[in-house]
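Sequence positions in the sequence shown follow the UniProt record's numbering and run 1 to 150. For each residue, glycine too, the CB sits at the ideal point set by N, CA and C. Working notes, structure below.
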Amino acid sequence: MMEGKEIPHPNPMKEWNTFHNQAGEVLGEEFWQDIAGLIPNTSPRIDIYYTSATVVVLVELPGLQSPDQIAILLEGQTLVMEGEIPRLYPVTDNRITQKERFFGSFRRSLPMPKPVSMIGIHAKYTQGLLTIELQIEREVQQTPIPIDFT
């Protein structure tokens with residue numbers, strides 16, 4: 001029986017970085033700049049990492065003035081964020097020559113990479129960056145599953 005062993009998870013960032021580097025070597029470094037101009041950003045940029053005790057979510061949210069502009073919920077093991085990033089300048093889209101930053105309404109659902117607790121969640125917004133810290137659940141609930149042999 002394999003009690004207490006953690007199942008390894010694939011690392012999509014490692015695979016993406018390998019692809020990114022290989023494509024850059026073949027197609028040239030400007031390739032990614034050209035692609036970035038074609039694909040619109042539909043939500044804020046996010047980083048997620050974990051330590052031995054916490055899962056940390058970093059969200060770029062420039063221009064927020066109040067906590068009323070964003071809602072954060074933990075639904076099971078999925079962090080849900082909803083809000084709106086205001087446009088900080090009065091220029092219309094037809095006058096923008098390069099657009100890489102996101103602004104507008106968004107909703108993100110982020111599955112947590114480790115089991116997290118509903119207790120001890122801390123969120124802080126400073127200088128346009130929202131940092132959310134969630135405590136990793138120490139006791140993973142394990143339920144044996146009986147097997148019917150016939």
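Flag this pair as yes or no: are the beta carbons of residue i and residue j separated by less than 8 angstroms?
i: Met-112; j: Thr-78; result: yes
i: Gln-135; j: Thr-54; result: yes
i: Val-56; j: Thr-126; result: no
i: Ser-52; j: Arg-108; result: no
i: Asp-47; j: Leu-58; result: yes
i: Phe-103; j: Pro-90; result: no
i: Glu-75; j: Ser-105; result: no
How big is the Cα-Cα spacing for residue i and residue j?
i: Pro-62; j: Arg-45; result: 11 angstroms
i: Lys-14; j: Tyr-49; result: 13 angstroms
i: Lys-114; j: Val-80; result: 16 angstroms
i: Leu-110; j: Pro-144; result: 28 angstroms
i: Arg-101; j: Thr-150; result: 59 angstroms
i: Thr-92; j: Ile-70; result: 24 angstroms
i: Glu-25; j: Asp-148; result: 53 angstroms
Can you tell me whether residue i sits near the ligand NAD, meaning its C-beta is under 7 angstroms from at least one heavy atom of the ligand?
i: Ile-70; result: This structure simply doesn't include the ligand NAD, nor any ligand for that matter.
Quick check on the DSSP output: the beta strand (DSSP E) that includes residue i runs from which residue to which?
i: Val-56; result: 54–60
i: Gly-104; result: 104–111
i: Met-118; result: Unbroken run through Met-118: none, as it is neither H nor E.
i: Gly-128; result: From DSSP, Gly-128 is part of no beta strand (DSSP E); its letter is neither H nor E.
Where does residue i sit, in a helix, a strand or coil, going by DSSP?
i: Gln-98; result: coil
i: Leu-73; result: strand
Report back the beta-carbon spacing between residue i and residue j to the nearest angstrom; my notes put them in contact at under 8 angstroms.
i: residue 173; j: Glu-60; result: Limits of the chain in this structure are 1 at one end and 150 at the other, which puts residue 173 out of reach.
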